[in-house]
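Reading through the structure tokens given below for one structure.
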Amino acid sequence: MMQENGGELTTKEDDWQVYPFFDRSDKKRISRTCNHIGLETKQARSWRNFPFNAIAIATNGSGDYLILLPETGNEKQLGEVIYSWWHEEGIPQQIADSINDLLIL
Numbered sequence: 070m071m072q073e074n075g076g077e078l079t080t081k082e083d084d085w086q087v088y089p090f091f092d093r094s095d096k097k098r099i100s101r102t103c104n105h106i107g108l109e110t111k112q113a114r115s116w117r118n119f120p121f122n123a124i125a126i127a128t129n130g131s132g133d134y135l136i137l138l139p140e141t142g143n144e145k146q147l148g149e150v151i152y153s154w155w156h157e158e159g160i161p162q163q164i165a166d167s168i169n170d171l172l173i174l
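Start counting the sequence shown at 70; every next residue gets the next number (my numbering).
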């Protein structure tokens with residue numbers, strides 16, 4: 070994710086716009102990464118039923134997200150498992166064991 074720092078990907082379920090990590094190394098990079106993971110996660114948390122401990126890493130533009138959740142038993146460490154979160158249902162569903170698995174679907 071850090072290597073690409075944003076972009077798009079396609080899964081069986083949908084097309085996703087991946088959020089970048091905020092990069093303040095120069096004005097051009099600040100502009101390109103203004104919709105960064107931190108900001109988008111904060112906005113996603115305004116949705117009812119969005120998991121309080123989830124990190125939004127991508128959106129389909131319709132209120133649905135790809136998210137990361139903390140590892141079981143360690144709330145301070147994000148797991149590698151990728152979940153989809155559909156705003157109509159509000160329940161995370163595992164779609165890949167890691168971002169690498171998702172990129173080769």
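We put the CB at the ideal spot given by N, CA and C, even for glycine.
At the level of alpha carbons, what is the spacing between residue i and residue j?
i, j, result
"THR110", "ALA123", "8 Å"
"GLU149", "ALA165", "9 Å"
"GLN86", "ILE106", "11 Å"
"GLY130", "LEU171", "18 Å"
"VAL81", "GLY142", "Correcting the residue type first, residue 81 is Lys in the shown sequence and not Val. Rounded to the nearest angstrom, the two C-alpha atoms are 30 Å apart."
"GLU77", "PRO89", "11 Å"
"LEU108", "PRO120", "16 Å"
Hey, could you find the ends of the beta strand (DSSP E) residue i is sitting in?
i, result
"GLY76", "76-79"
"LEU147", "143-147"
"ALA123", "First-last for ALA123: undefined, no H or E at that position."
"ILE160", "Note, ILE160: premise wrong, no beta strand (DSSP E); not H, not E."
"ASP31", "Here the chain covers residues 70 to 174 and nothing more, so residue 31 does not appear."
"LEU137", "134-137"
Please confirm whether residue i and residue j have their CB atoms less than 9 Å apart.
i, j, result
"LEU135", "THR128", "yes"
"ILE83", "SER153", "The sequence as given places Asp at residue 83; Ile does not occur at that position. Yes; because the gap between Cβ atoms is below 9 Å, this pair is in contact."
"ILE160", "ASN118", "yes"
"GLN162", "TRP155", "yes"
Give the range of the alpha helix (DSSP H) segment to which residue i is assigned.
i, result
"LEU108", "106-113"
DSSP puts residue i in a beta bridge; with which residues?
i, result
"ILE151", "ALA165"
"LEU171", "LEU171 pairs with nothing; no bridge assigned."
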